[in-house]
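Asks: Under full-length UniProt numbering, the first residue of the sequence shown is numbered 1, with each subsequent residue one higher.
My structure is below; once you've seen it, I'll send some questions.
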Amino acid sequence: MRINYNVSAMLSNNALSNSEDLLAKSLERLSSGLKINHAKDNPAGLAMGKRMNAQIEGLSVANQNASDGISIIEIADGALTEVSEMLQRMNELSVKAANGVMTDEDRATVQDEIAQLKEEITRIADTTEFNGQKLLNGEFDFKGYTNNLEVKVNSYSKEVTAKTYSIDSITLEKEIVDGVETGNYLVDLGSLNLGTDFPDGTTATAKDNLITLEGEGGFEMVLDVSEVNFGGANTVTFSAAGGNGLVIDATGIGAMRLQIGANETQILAVDIPTISLQNMGIEEIDVSTQEGAGDAIYRLDGAIKYVSKVRGRLGAYQNRLESSVNSLDVTSENMTAAYSRIMDVDMAEEMTYYTTYQVMTQAGTSMLAQANERPSQVLQLLQ
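Put into structure tokens, the structure is as follows:
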């Protein structure tokens with residue numbers, strides 16, 4: 001028996017310290033509900049869990065973004081429904097005005113109603129908005145945007161300055177058709193020389209007095225050349241002061257981009273064209289004469305098709321966004337389950353460990369007490 005070093009007590013103390021450490025860690029896991037509370041617990045698991053948690057949070061925000069996109073489309077489609085109904089009414093009035101039994105006074109009355117409907121279409125385009133942002137009049141533009149949002153604007157204006165396009169020259173061919181009264185003509189596009197700023201693959205088509213330019217990314221621009229004075233010539237070149245070509249300005253060129261995923265490249269581009277009288281080619285329709293009524297019928301038919309095409313496109317976007325929302329929900333659920341398996345503690349299993357460590361701590365305390373009593377037994381030998 002030795003009294004200088006109580007090896008038994010030292011061993012018992014070490015065992016007790018280990019048991020107390022294990023008990024404290026188990027208690028921490030039970031209190032937090034997490035399997036990994038510190039990086040030292042599982043470095044690889046912690047890194048994986050944090051990445052997955054970022055994905056889960058990103059999916060939640062992406063889900064909200066997609067829902068906002070659906071709301072935008074629903075608002076825009078509701079407004080376009082009203083516009084479509086007014087165009088239908090204007091078409092009915094134009095057909096009525098084209099009837100030979102109508103007097104000039106009758107047509108003037110019809111024209112008054114058409115003028116009111118045109119003003120209402122403009123009002124709808126100017127006031128349809130989401131979160132204070134106009135949707136249909138070309139002002140919905142996020143140049144320095146947050147949340148990856150910008151919008152496509154399909155308009156032709158001489159005053160807006162956000163983006164400038166130059167058309168070097170347009171060659172138009174006037175075709176006189178038998179049976180068409182003097183002063184009326186059809187316009188064919190002979191050639192078009194675009195500037196360098198237009199999107200790649202931009203093409204042009206001519207129908208009646210409208211030239212439509214279409215390019216990549218949903219770019220579309222409509223030019224009305226009804227005011228061109230041919231003066232007997234078959235070729236007309238548009239030019240602006242300084243010889244730089246016809247300047248066409250448009251705002252917000254591009255497409256509305258909705259972040260619908262947790263990663264950088266998971267973006268849906270949504271094209272919302274501008275709804276305006278000029279863009280639909282009905283700004284100058286006048287049914288005060290029978291000839292004007294006939295022209296209005298043609299132009300309104302094109303406008304109705306244009307709005308229907310836009311609504312169909314928006315419907316397709318909405319279906320895709322709704323599918324994205326469903327997909328995001330499923331992905332988020334699966335990702336959360338995987339995250340839980342990595343980070344969350346199994347309470348039943350951990351409670352078993354806690355009970356074991358508690359018993360070991362109590363036993364260690366008892367053994368340490370007995371080990372500390374052994375040196376005192378030496379005193380009995382000295383008596």
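Glycine residues also receive a C-beta, built at the ideal position from the N, C-alpha and C atoms.
1) Taking the alpha carbon of G100 as the reference point, which residue from T289, N63, G33, T205 has its own alpha carbon closest?
2) Starting from the C-beta of T205, find all residues in its chain whose C-beta is less than 6 Å away, skip the five residues before and the five after it, and write them out in chain order.
3) Can you check DSSP and say which residues form a bridge with L34?
4) At 4 residues or longer, what runs of the alpha helix (DSSP H) sit wholly inside the UniProt domain "Flagellin C-terminal" (300-382)?
5) By DSSP, does T122 sit in helix, in strand, or in coil?
6) Take Y5 as the anchor and find which of L379, E120, P375 has the nearest alpha-carbon.
7) According to the neighbour-count rule (16 or more other Cβ atoms, all chains shown, within 10 Å of its Cβ), is A66 buried or exposed?
8) Is the separation between the beta-carbon of A293 and that of S94 shorter than 7 Å?
9) Is T203 helix, strand or coil by DSSP?
10) Do the stretch 347-360 and the stretch 102-113 make contact, defined as three or more Cβ pairs closer than 8 Å?
11) List, from N- to C-terminal side, the beta strand (DSSP E) runs of 3 residues or more that fit wholly inside the UniProt domain "Flagellin N-terminal" (3-139).
12) Sort D271, V270, A296, E291 by Cα distance to L277 and report the nearest one.
13) Which same chain residues end up closer than 8 Å to I342 when comparing Cβ atoms and leaving out the 5 residues on each side of it in sequence?
14) If I measure Cβ to Cβ from M351 and keep anything under 8 Å in the same chain, skipping five residues before and after, which residues do I get?
15) Give the straight-line distance between the Cα atoms of N244 and T203, rounded to the nearest whole angstrom.
16) Is DSSP giving E214 helix, strand or coil here?
17) If we count the other Cβ atoms within 10 Å of its Cβ and call it buried at 16 or more, is S332 buried or exposed?
18) Using C-beta distances below 6 Å, list every residue in its chain close to R107, excluding the 5 sequence neighbours before and after it, in chain order.
19) Does the distance from the C-beta atom of A303 to that of M280 stay below 7 Å?
20) Out of L382, Y354, Q377, which has the shortest C-alpha to C-alpha gap to D21?
21) Quick one: Cα of A76 to Cα of A39, how far?
22) Is I297 helix, strand or coil by DSSP?
23) With a threshold of 7 Å on Cβ separation, who are the neighbours of E129 within its own chain once the five nearest residues in sequence on each side are excluded?
24) Please classify P273 as buried or exposed, where buried requires at least 16 neighbouring CB atoms within 10 angstroms.
25) Beta-carbon within less than 7 Å of R299's beta-carbon, same chain only, minus the 5 sequence neighbours each way: which residues are those?
26) Within 10 angstroms of the Cβ of L11, are there 16 or more other Cβ atoms? Answer buried if so, exposed if not.
27) Using CA coordinates, which residue listed in T127, T122, E92, L23 is at the minimum distance from Q111?
Replies: Quick look at the numbers:
1) Indexing the sequence shown from 1 puts residue 100 at position 100. Considering only alpha carbons, the answer is T289.
2) Within the sequence shown, the letter at position 205 stands for residue 205. Hits under 6 Å: T212.
3) On the sequence shown, position 34 is the one that residue 34 refers to. Looking at the DSSP assignment, L34 forms a beta bridge with D344.
4) Taken in chain order, the complete alpha helix (DSSP H) segments of 4 or more residues contained in the UniProt domain "Flagellin C-terminal" (300-382) are 347-373, 378-382.
5) Within the sequence shown, residue 122 is the residue found at index 122, counting from 1. Correct three-state label for T122: helix.
6) Start at 1 with the first residue of the sequence shown, and residue 5 comes out as number 5. If we check each option's Cα against that of Y5, P375 comes out closest.
7) Your numbering for residue 66 matches position 66 in the sequence shown. It is buried - the Cβ of A66 has at least 16 other Cβ atoms within 10 Å.
8) Residue numbering aside, residue 293 sits at position 293 when the sequence shown is read from its first letter. Residue numbering aside, residue 94 sits at position 94 when the sequence shown is read from its first letter. In this structure, S94 lies closer than 7 Å to A293 by Cβ.
9) The residue you call residue 203 lines up with position 203 of the sequence shown. If DSSP states are grouped into helix, strand and coil, T203 belongs with the strands.
10) no
11) none
12) One-based indexing of the sequence shown puts residue 277 at position 277. Ranking the options by Cα distance to L277, first place goes to A296.
13) Along the sequence shown, read from residue 1 onward, the residue named residue 342 stands at position 342. K35, I36, G45, M48, G49, M52, listed in sequence order.
14) Against the sequence shown, residue 351 aligns to sequence position 351. Same-chain partners within the cutoff: L30.
15) Locating residue 244 in the sequence shown gives position 244, counting from the first residue. Locating residue 203 in the sequence shown gives position 203, counting from the first residue. Confidence at N244 is low in this model, with a pLDDT of 33, below 50, so its placement is unreliable and the value that follows should be read with caution. Going from the Cα of N244 to the Cα of T203 covers about 21 Å.
16) Here residue 214 refers to the residue found at position 214 of the sequence shown. The answer is strand: DSSP assigns E214 an E or B state.
17) By 1-based counting over the sequence shown, the position of residue 332 is 332. When all chains shown are included, S332 counts as buried.
18) Taking the sequence shown and counting its residues from 1, the one referred to as residue 107 is at position 107. A97, V287, S288.
19) Numbered from 1 along the sequence shown, position 303 holds the residue referred to as residue 303. Numbered from 1 along the sequence shown, position 280 holds the residue referred to as residue 280. Their beta carbons are under 7 Å apart, which means A303 touches M280 by this criterion.
20) Numbered from its first residue, the sequence shown carries residue 21 at position 21. Looking at the Cα atoms, Y354 is the closest of the given residues.
21) The residue you call residue 76 lines up with position 76 of the sequence shown. The residue you call residue 39 lines up with position 39 of the sequence shown. Going by the C-alpha atoms only, they are around 50 Å apart.
22) Along the sequence shown, read from residue 1 onward, the residue named residue 297 stands at position 297. I297: helix per DSSP, three-state reduction.
23) Stepping through the sequence shown from its first residue, residue 129 is reached at position 129. Sequence-distant Cβ neighbours of E129 in its own chain, meaning closer than 7 Å and more than five residues away, are L135.
24) Position 273 of the sequence shown, counted from the start, is the residue given in the question as residue 273. P273 should be labelled buried.
25) For the purposes of this step, residue 299 is taken as residue 299 along the sequence shown, with counting starting at 1. So the qualifying residues of the chain are G281, I282, I285.
26) Translated into the one-based positions of the sequence shown, residue 11 becomes position 11. Exposed: under 16 other Cβ atoms inside 10 Å.
27) Looking up residue 111 in the sequence shown gives position 111. Q111 has its Cα closest to that of E92, out of T127, T122, E92, L23.
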